[in-house]
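Trainee:
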Amino acid sequence: QITTVSGNEFLLQSDIDFLILDWFHAIKNAIDRLPKEQRITSRNLEFKLRRSSSIELLNNLDTESKEPKPEHRKSLIFRLNYSASDTNDRNRVKSRLKKFISRRPSLKTLQEKGLIKDQIFGSHLHLVCEHEKSTVPQFVRLCIKAVERRGLDVDGIYRVSGNLATIQKLRFVVNQEEKLNLDDSQWEDIHVVTGALKMFFRELPEPLFPYCFFEQFVEAIKIQDNATRIKAIRNLVKKLPRPNYDTMKILFEHLKKIAAKESVNLMSTQSLGIVFGPTLLRPEKETGNMAVHMLYQNQIVELMLSEYSKIFGSEED
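Residue numbers (the UniProt record's numbering): 1 to 317.
1. When the Cα of residue 213 is compared with those of 245, 190 and 193, which residue comes out closest?
2. Going along the chain, which residues of its own chain have a beta-carbon closer than 8 Å to the beta-carbon of residue 198, five neighbours each way excluded?
3. Using 10 angstroms around the beta-carbon of residue 162, count the other beta-carbons present and answer buried if the total reaches 16, otherwise exposed.
4. Span of the alpha helix (DSSP H) holding residue 244?
5. Residue 33: buried (16+ other C-beta within 10 angstroms of its C-beta) or exposed?
6. Quick check: the region 221-231 against the region 297-316, are there 3 or more CB pairs under 8 Å?
7. Residues in the same chain with beta-carbon distance under 8 Å from residue 205, minus the five sequence neighbours each way, listed in chain order, please.
8. Suppose you measure from the CA of residue 306 to the CA of residue 229; what does that come to, to the nearest Å?
9. Look up residue 137 in the DSSP assignment and say whether it is helix, strand or coil.
10. Pull up the CB-CB distance for residue 193 and residue 208, whole angstroms please, since I reckon it's below 8 Å.
11. Name the residue from 133, 119 and 310 whose alpha carbon lies nearest to the alpha carbon of residue 232.
12. Within 10 angstroms of its Cβ, does residue 259 collect 16 or more other Cβ (buried), or is it exposed?
13. For residue 313, which of helix, strand or coil comes out of DSSP?
14. Between the alpha carbons of residue 240 and residue 138, how many angstroms are there, rounded?
15. Taking 8 Å as the threshold (C-beta atoms), are residue 171 and residue 196 in contact?
16. Answer with buried or exposed for residue 265, where buried requires no fewer than 16 other C-beta atoms within 10 angstroms of its C-beta.
17. Is the beta carbon of residue 148 sitting closer than 8 Å to the one on residue 254?
18. Cβ atoms of residue 249 and residue 152: under 8 Å apart, would you say?
19. Alpha carbons only, please: which of 100, 191 and 235 is nearest the one belonging to residue 156?
Put into structure tokens, the structure is as follows:
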């Protein structure tokens, strides 16, 4: 809270300590730039900075003193002139923080005690599947069922973005292992469901197409002969780990249903390739060939949708 000599009061509030310090310096610098006849002497200048129940009056400001450099970790009370006691206080705080960090329990310990639950978003696909004792994450199945129940005819399905705040809320619910009902009114916007599904695949530490397969898929899509190209892609897909293969199969079967409704939802295999290409497969390290890679990523998804039965079908097919 800042009170001026004219009686005006301003409240600036933040939970970020170094941001508060930056505000203080900005206000101080603005005052210093005022013409001398308008400047109030530092002896009469008083700021009140409030955070929670702590109040500190900053008096006797020395306008000629050097401004301290902002630091990310400050005590809740800021002063322009640091005395020896201030330095000691900061050292004590640092010491306590180090002790706290060194004594904090490990992530594994917290998970064993049930204080931190295994996450769905941001976890490796095989870990999610192991935790659920399945080969396809339950969240993926729920999203696909919801979209097929009420989203196949929606214009721009998977291309149109849902409300990010609602998507993040859904992400939180899933990670907390709360009972999920995608027919609940708060998830009535089907673009929220599709947005969350895309986010799940995007946040996998290793994409659905594992990094070690990326270059092999790129080389396969470059093959000129169509029959040979399809066979090469099929052989690579068959080599994928079981959770990757099963999840990929159910996802592409779903996307094929989306493409079948292209006349209504305007989502062709090419459109779906553009949306899902960079989400499902990407190189472990980005290089200068990003634009070229993106083209191949889209083409791989498009081909796998167009030739779904040949790639995921049985050997007899």
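All C-beta atoms in this analysis are idealised placements derived from N, C-alpha and C, irrespective of residue type, glycine included.
Mentor: A quick look at the data gives this:
1. 245
2. 158, 275, 276 and 279
3. buried
4. 242-260
5. exposed
6. yes
7. 122, 123 and 124
8. 13 Å
9. coil
10. Contact flag wrong, Cβ pair sits at about 18 Å.
11. 310
12. buried
13. coil
14. 20 Å
15. yes
16. buried
17. yes
18. no
19. 191
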